[in-house]
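J.: Numbering (the numbering used here), first residue to last: 1114 to 1229.
Right under this line is the structure:
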């Protein structure tokens, strides 16, 4: 298998990719002698190198995007937790104010009843 790969990569095998298809002609507004209307020729080695390069770039972009999304999710979760904690703290403070107000109101009411 290694010999076959070595043989394939060492020989100047040419792949022709025709760009003269009916679909391209329909959607293309370029002149007839444009590069799209010509044949592009790659050697197998060039093709594999370009494919590997593009795959690597795509992989790096995907990893970068995933990392950014993970960091964004962590930040969003942190913000949600902080909002809930502050909301719970606010509810507790409101409850304490209500209890203290009710207690003071009772004390004032009792003092008012004794002064009558």
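No residue lacks a Cβ here, since even glycine has one placed at the ideal position from N, Cα and C.
What is the DSSP secondary structure of residue 1178, counted as helix, strand or coil?
T.: The sequence position of residue 1178 within the chain shown is 65, counting from 1. If DSSP states are grouped into helix, strand and coil, residue 1178 belongs with the helices.
J.: Alpha carbon to alpha carbon, what distance is there between residue 1174 and residue 1191?
T.: Walking along the chain shown from the start, residue 1191 turns up at place 78. Walking along the chain shown from the start, residue 1174 turns up at place 61. Those two C-alpha atoms are separated by around 26 Å.
J.: Please state the DSSP three-state secondary structure of residue 1156.
T.: Your numbering for residue 1156 matches position 43 in the chain shown. Note: residue 1156 maps to strand in three-state DSSP.
J.: Taking only the alpha-carbon atoms, compute the straight-line gap between residue 1158 and residue 1186 and give it to the nearest angstrom.
T.: Position 45 of the chain shown holds residue 1158. Position 73 of the chain shown holds residue 1186. Their Cα atoms are separated by approximately 42 Å.
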